[in-house]
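Residue numbers (my numbering): 95 to 264.
First up is the structure itself, then whatever we jot down about it.
Right under this line is the structure:
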């Protein structure tokens, strides 16, 4: 099998999301939303052996402050939000450097639809890689009622836009 240079696939990705495209204070509402189904709602909790009844028992929370019906495992909600922001913020990411300040602000139930948002908190050059920079993001998701259900901060190493003048294919 012959290895192919990455630049041969450049036409497959959007021409946005390079390090230079992110500015401190920039806010984005991401295009896609997703409705939580059975797979996203219960699957991750089962995979990590989280046996809390609220994730598996339809009647466990009836009448509780968390609402009626099963609650989605929090890290599944975080993963869903990350997936929704990825097209705009991770297309040219080289490495995920960290997540912090994860906050689960409201329960997510099976059937809820989540949409995602991003704010760029900071950008800076990457000392170890002149072809990339570091971007700090705050991501959040909200449900169909407009209630914020998740927030988290993320740091990524993002590739710089290839220089057309120098012929650099990155």
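Just so it is clear, CB atoms sit at the ideal spot from N, CA and C, and this is done for glycine as well.
The closest CA to that of residue 164, considering only 246, 149, 173, is found on 149. The bridge partners DSSP lists for residue 253 are 226. Around the beta carbon of residue 235, 16 or more other beta carbons lie within 10 angstroms, which makes this residue buried.
In the DSSP assignment, residue 134 falls within the unbroken alpha helix (DSSP H) covering 132-141. In the DSSP assignment, residue 194 forms a beta bridge with 247.
Contact annotation: the region 151-160 does not touch the region 214-224, with fewer than three C-beta pairs closer than 8 Å. Nearest C-alpha to residue 111 among 181, 139, 119, 128: 181. A check of alpha carbon separations from residue 210 across 145, 129, 185 identifies 129 as the nearest. In this structure, residue 143 sits away from residue 212, with a CB-CB distance that is not shorter than 9 Å.
Under the criterion of beta carbons closer than 8 Å, residue 246 and residue 197 qualify as touching, at roughly 7 Å. The criterion of a C-beta distance shorter than 9 Å is not satisfied by residue 175 and residue 228. Annotation: residue 186 to residue 231 spans about 14 Å, alpha carbon to alpha carbon.
For the 9 Å CB-CB criterion, residue 172 and residue 244 form a contact. In this structure, residue 141 and residue 214 do not form a Cβ contact; the two beta carbons are roughly 32 Å apart against a cut-off of 8 Å. Residue 156 is classed as exposed because its beta carbon has fewer than 16 other beta carbons within 10 Å across all chains shown.
A distance below 7 Å between beta-carbons, with the five flanking residues on each side excluded, links residue 226 to the following residues of its chain, in chain order: 113, 188, 220, 251, 252, 253, 254. Between residue 136 and residue 204, the C-beta gap is smaller than 9 Å, which places the two residues in contact.
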